[in-house]
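Undergrad:
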Amino acid sequence: MSVAENLRPSGAAEASVLIDGATYDLPIRKGTIGPDVIDINSLYQDTGCFTYDPGFTSTASCESKITFIDGDEGILLYRGYPIDQLAEYGSFVETCYLLLYGELPTREQYKAFDSRIVKHTMVHEQMTRFYTGFRRDAHPMAVMVGVVGALSAFYHDSIDIKDPEQRDIASIRMIAKMPTIAAMAYKYSIGQPFVYPRNELTYSANFLHMCFAVPCEEYKVDPVLARAMDRIFILHADHEQNASTSTVRLAGSSGANPFACISAGIACLWGPAHGGANEAALMMLQQIGSVDRIPEFIKRAKDKSDPFRLMGFGHRVYKNYDPRAKIMQKTCHEVLDAVGLGNDPILQVALELERIALSDDYFIQKKLYPNIDFYSGITLKALGFPTDMFTVLFAIARTVGWIAQWKEMIEDPMHRIGRPRQLYTGATERAYVATEAR
Ligand code: ACO
2 MSVAENLRPS GAAEASVLID GATYDLPIRK GTIGPDVIDI NSLYQDTGCF TYDPGFTSTA
62 SCESKITFID GDEGILLYRG YPIDQLAEYG SFVETCYLLL YGELPTREQY KAFDSRIVKH
122 TMVHEQMTRF YTGFRRDAHP MAVMVGVVGA LSAFYHDSID IKDPEQRDIA SIRMIAKMPT
182 IAAMAYKYSI GQPFVYPRNE LTYSANFLHM CFAVPCEEYK VDPVLARAMD RIFILHADHE
242 QNASTSTVRL AGSSGANPFA CISAGIACLW GPAHGGANEA ALMMLQQIGS VDRIPEFIKR
302 AKDKSDPFRL MGFGHRVYKN YDPRAKIMQK TCHEVLDAVG LGNDPILQVA LELERIALSD
362 DYFIQKKLYP NIDFYSGITL KALGFPTDMF TVLFAIARTV GWIAQWKEMI EDPMHRIGRP
422 RQLYTGATER AYVATEAR
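Read in order, the letters of the sequence shown correspond to residues 2 to 439 in my numbering.
(1) Can you tell me the Cβ-Cβ gap for Val222 and Leu202, rounded? I've got them flagged as a contact below 8 Å.
(2) Excluding the 5 residues preceding and the 5 following Val393 in the sequence, name in chain order all residues of the same chain whose CB lies nearer than 8 Å to its CB.
(3) For a test of the three-state rule: what should DSSP assign to Ile191, helix, strand or coil?
(4) Does the pairing of the stretch 341-353 with the stretch 106-118 give three or more beta-carbon distances under 8 Å?
(5) Taking the DSSP output, what are the residues bridged to Ser17?
(6) Tell me whether Val149 sits in a helix, a strand or coil according to DSSP, three-state version.
(7) Based on Cα-Cα distance, which residue from Val148, Pro414, Ala171, Ala282 lies nearest to Thr181?
(8) How would you label Phe234, buried or exposed, when you count the other beta carbons within 10 angstroms and need 16 or more for buried?
(9) If contacts are defined as beta-carbon pairs under 8 Å, then Tyr363 and Ala326 qualify, I think. What distance do you get, rounded to the angstrom?
(10) In this structure, does DSSP put Thr392 in helix, strand or coil?
(11) May I ask you to report which of helix, strand or coil DSSP gives Val38?
(12) Looking at C-beta atoms only, is the number of pairs between the stretch 311-329 and the stretch 365-384 that lie closer than 8 Å three or more?
(13) Hey, is the stretch 164-171 in contact with the stretch 277-285, meaning 3+ C-beta pairs nearer than 8 Å?
(14) Measure the alpha-carbon distance for Arg422 versus Gly49 and round it to whole angstroms.
(15) What are the start and end residues of the beta strand (DSSP E) that includes Thr68?
(16) If you drop the 5 nearest sequence neighbours on each side, which residues of the same chain put their C-beta closer than 8 Å to that of Ile267?
(17) Contact check, Gln406 vs Ile67 under 8 Å by CB: the rounded distance?
(18) Could you check which residue in Tyr319, Ile373, Glu15 has the C-alpha nearest to that of Thr24?
(19) Going straight from the alpha carbon of Phe114 to that of Gln242, what length do you get?
(20) Beta carbon of Thr122, beta carbon of Asn42: below 8 Å?
(21) Would you please state the rounded distance, in angstroms, between the beta carbons of Val318 and Ile29? I believe it to be under 8 Å.
(22) With H, G and I counted as helix, E and B as strand and the rest as coil, what does DSSP make of Tyr79?
(23) Should Arg310 be counted as a contact of the ligand ACO given a C-beta to heavy atom distance under 7 Å?
(24) Ala88 to Gly290, Cα distance in whole Å?
(25) Give me, in chain order, the residues of the same chain whose beta-carbon lies closer than 8 Å to that of Asn321; leave out the 5 immediate sequence neighbours on both sides.
(26) Since Gly192 and Met410 should fall inside the 8 Å C-beta cutoff, what is the C-beta to C-beta distance between them, to a whole number of angstroms?
(27) Helix, strand or coil, according to DSSP, for Val215 in the structure here?
(28) Just checking Asp307 against the ligand ACO - is the residue's beta carbon closer than 7 Å to any of the ligand's heavy atoms?
(29) Cβ of Lys31 versus every heavy atom of the ligand ACO: is any distance shorter than 7 Å?
(30) Closest to Met462 by CA distance: which of Gly103, Ile357, Ile84, Val401 is it?
(31) Alpha helix (DSSP H) containing Cys63: first to last residue?
(32) Just to confirm, is the Cβ distance from Asp335 to Ala229 under 8 Å?
(33) What does DSSP give as the partner residue(s) for Pro371 in the beta ladder?
(34) Is Ile373 near the ligand ACO, with its Cβ less than 7 Å from a heavy atom?
(35) Would you mind stating whether Ala238 and Leu100 have Cβ atoms separated by less than 8 Å?
(36) Is it right to say Phe57 is buried, meaning 16 or more other beta carbons lie within 10 angstroms of its own, or is it exposed?
Here's what the structure looks like:
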């Protein structure tokens, strides 16, 4: 059954809109949980009007069965499973299977899926030449956009999106190759040789190995750090129709090849309002520097004439504690303990800042709680990553979400090319004026 069929209007529920004295009835569709939607699909045809919703704050752009968020309650579910349970008991590869295929894998399904991922971790050897075309000081996200887009030039057998098998191979390839491509971007930026994947390692351990091993000495991945990396990947794997996911869906709606669509998603994620906030949160904590300076910064955050905001606080959707932030805080403690930074002054600043903000009227009234980015910057730094790699790690994790959403869209028989409308406020028609007459 298609998503559309499952969400046929319930019959009784209808909304009405009154335009120039005429009333138009619009069906209300019900999801399994979450707000109902008013189906305005025929509004333009019936009334000649568009709706206006910049930033899509009240618009459901699609039907989906993948991820559910209740921002008021602080709930995040992947295919119905709470994020905290997946992060506590599951693995990232298992989460990939769940997001892609809708169910948690059996033992056999997991084994087969994992071995397919493992077999695709290497990239075409010629791709290494792409990297040398970039300046060493290029931002790794710039490299990611270029190299991921270039995958379509290498894997011709997985770009026919009408073929389910090719769609599946493209999905596996992207999940498998993304850590390799990201680690190569990192190695190139620091002038070290590329490290090939080691397929006996887990997905996350393999990624740490490709980032931090060097050919001249043995590198053993710390299992605590590998588990933390895995959990960070799970937390970032999907987040329903956010900006980068909507970008991937929109790009894919034209029938564009999947690698190019993911590259578009990476470009969107790169923006500081999306994937770049963890870097900003870390910089703010470093700027505060010590616990005794916190009141000064809290005061600034409340001051309307000061543009300063507490980075890592507040969220467009979560008006409660971001459920991912709780797990990230725990992961942060584990990583800092493992690397001997348990008493790191920046962590002490973060903990105290969180405590003070959560008991402060300004933050309580505006429902400003720590978001995932508040603790992820400190954690990633402790794992050994420079700040410009933070968004790259986010891109590795989000790749599966992007692909699952892209696949869902392609497989929905109702899908059409995405084409938003506009409220035009420019000049009305006027005649061309010759240069000498202007
Ligand atoms: N510090 C201080 N005050 C804040 C903060 C903050 N971090 N966030 C919001 N406010 C205040 C605003 O000043 C505003 O006050 P007002 O009503 O008196 O004007 C009110 O809370 C609402 O703020 P908006 O910006 O309208 O809320 P919105 O939901 O649009 O914004 C956002 C959410 C952009 C995340 C915002 O909270 C923010 O800038 N936070 C800091 C940046 C950050 O951490 N971003 C990461 C988001 S998570 C992610 O992308 C993965």
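Where a beta carbon is used, it is the ideal one built from N, C-alpha and C, also for glycine.
TA: Quick answer:
(1) One-based indexing of the sequence shown puts residue 222 at position 221. One-based indexing of the sequence shown puts residue 202 at position 201. Contact holds; Cβ gap of about 7 Å.
(2) Counting from one through the sequence shown, the residue named residue 393 turns up at place 392. Pro141, Met142, Met145, Ala183, Ala186, Tyr187.
(3) Locating residue 191 in the sequence shown gives position 190, where the first residue counts as 1. Ile191 falls in the helix class under three-state DSSP.
(4) In short, these stretches do not touch, since the Cβ pair count stays below three.
(5) By one-based count along the sequence shown, residue 17 stands at place 16. Under DSSP, the beta-bridge partners assigned to Ser17 are Asp26.
(6) Locating residue 149 in the sequence shown gives position 148, counting from the first residue. When DSSP states are grouped into helix, strand and coil, Val149 belongs to the helix group.
(7) Against the sequence shown, residue 181 aligns to sequence position 180. Closest option to Thr181, judged by alpha-carbon separation, among Val148, Pro414, Ala171, Ala282: Val148.
(8) Residue mapping note: residue 234 aligns to position 233 of the sequence shown, counting from 1. Buried is the call here.
(9) Taking the first residue of the sequence shown as 1, we reach residue 363 at position 362. Taking the first residue of the sequence shown as 1, we reach residue 326 at position 325. Between Tyr363 and Ala326 a beta carbon distance of about 19 Å is seen, past the 8 Å cut, so the two are scored as non-contacting.
(10) Numbered from 1 along the sequence shown, position 391 holds the residue referred to as residue 392. Correct three-state label for Thr392: helix.
(11) To locate residue 38, count along the sequence shown from 1; it is residue 37. Residue state, collapsed to three classes: strand.
(12) Taking a contact to require three or more Cβ pairs closer than 8 Å, the stretch 311-329 and the stretch 365-384 qualify as touching.
(13) By the Cβ test, the stretch 164-171 is not in contact with the stretch 277-285, since fewer than three Cβ pairs between them sit closer than 8 Å.
(14) The residue labelled residue 422 in the question sits at position 421 within the sequence shown. The residue labelled residue 49 in the question sits at position 48 within the sequence shown. Taking the straight line joining both Cα atoms gives about 12 Å.
(15) Stepping through the sequence shown from its first residue, residue 68 is reached at position 67. Looking at the DSSP string, the run of the beta strand (DSSP E) that includes Thr68 is 68-71.
(16) Indexing the sequence shown from 1 puts residue 267 at position 266. Closer than 8 Å at the Cβ level, and outside the excluded window around Ile267, lie Met142, Met145, Val146, Val149, Ser245, Ala396.
(17) As a first step, residue 406 is located in the sequence shown; it is residue number 405 there, counting from the start. As a first step, residue 67 is located in the sequence shown; it is residue number 66 there, counting from the start. Ile67 and Gln406 do touch by the CB rule: their CB atoms are close to 6 Å apart, below 8 Å.
(18) Residue numbering aside, residue 24 sits at position 23 when the sequence shown is read from its first letter. Looking at the Cα atoms, Glu15 is the closest of the given residues.
(19) Here residue 114 corresponds to residue number 113 of the sequence shown, with the count starting at 1. Here residue 242 corresponds to residue number 241 of the sequence shown, with the count starting at 1. Approximately 26 Å, taken between the alpha carbons.
(20) Counted from its first residue, the sequence shown places residue 122 at position 121. Counted from its first residue, the sequence shown places residue 42 at position 41. For the 8 Å CB-CB criterion, Thr122 and Asn42 do not form a contact.
(21) Indexing the sequence shown from 1 puts residue 318 at position 317. Indexing the sequence shown from 1 puts residue 29 at position 28. So it is not a contact: roughly 22 Å between Cβ atoms.
(22) For this step, residue 79 is matched to residue 78 along the sequence shown. Tyr79 falls in the strand class under three-state DSSP.
(23) For the purposes of this step, residue 310 is taken as the residue at position 309 of the sequence shown. The nearest non-hydrogen atom of the ligand ACO is less than 7 Å from the C-beta of Arg310.
(24) For the purposes of this step, residue 88 is taken as the residue at position 87 of the sequence shown. For the purposes of this step, residue 290 is taken as the residue at position 289 of the sequence shown. Looking at the backbone, the Cα of Ala88 and that of Gly290 are separated by about 30 Å.
(25) Locating residue 321 in the sequence shown gives position 320, where the first residue counts as 1. Closer than 8 Å at Cβ, skipping near neighbours: Gly72, Asp73, Glu74, Gly75, Lys368, Tyr370.
(26) Translated into positions along the sequence shown, residue 192 becomes position 191. Translated into positions along the sequence shown, residue 410 becomes position 409. In this structure Gly192 is not in contact with Met410, their Cβ atoms being roughly 41 Å apart against a cut-off of 8 Å.
(27) Within the sequence shown, the letter at position 214 stands for residue 215. Secondary structure at Val215: strand, using DSSP grouped into helix, strand and coil.
(28) For this step, residue 307 is matched to residue 306 along the sequence shown. No; taking the cut-off as 7 Å, the Cβ of Asp307 has no heavy atom of the ligand ACO nearer than that.
(29) As a first step, residue 31 must be located in the sequence shown, where it is residue number 30. For Lys31, the shortest C-beta to heavy atom distance toward the ligand ACO is 7 Å or greater.
(30) There is simply no residue 462 to check, as the chain begins at 2 and stops at 439 in what is shown.
(31) For the purposes of this step, residue 63 is taken as the residue at position 62 of the sequence shown. No alpha helix (DSSP H) contains Cys63, which DSSP labels as neither H nor E.
(32) Reading the sequence shown from its first residue, position 334 is the one you call residue 335. Reading the sequence shown from its first residue, position 228 is the one you call residue 229. For the sequence presented, residue 335 should be read as Glu rather than Asp. Cβ atoms of Glu335 and Ala229: closer than 8 Å.
(33) Taking the first residue of the sequence shown as position 1, residue 371 is located at position 370. DSSP lists Phe314 as the bridge partner or partners of Pro371.
(34) Walking along the sequence shown from the start, residue 373 turns up at place 372. True, at least one ligand heavy atom lies under 7 Å from that Cβ.
(35) To locate residue 238, count along the sequence shown from 1; it is residue 237. To locate residue 100, count along the sequence shown from 1; it is residue 99. With contacts defined by Cβ atoms closer than 8 Å, Ala238 and Leu100 form a contacting pair.
(36) On the sequence shown, position 56 is the one that residue 57 refers to. Counting Cβ neighbours within 10 Å, Phe57 comes out exposed, since fewer than 16 surround it.
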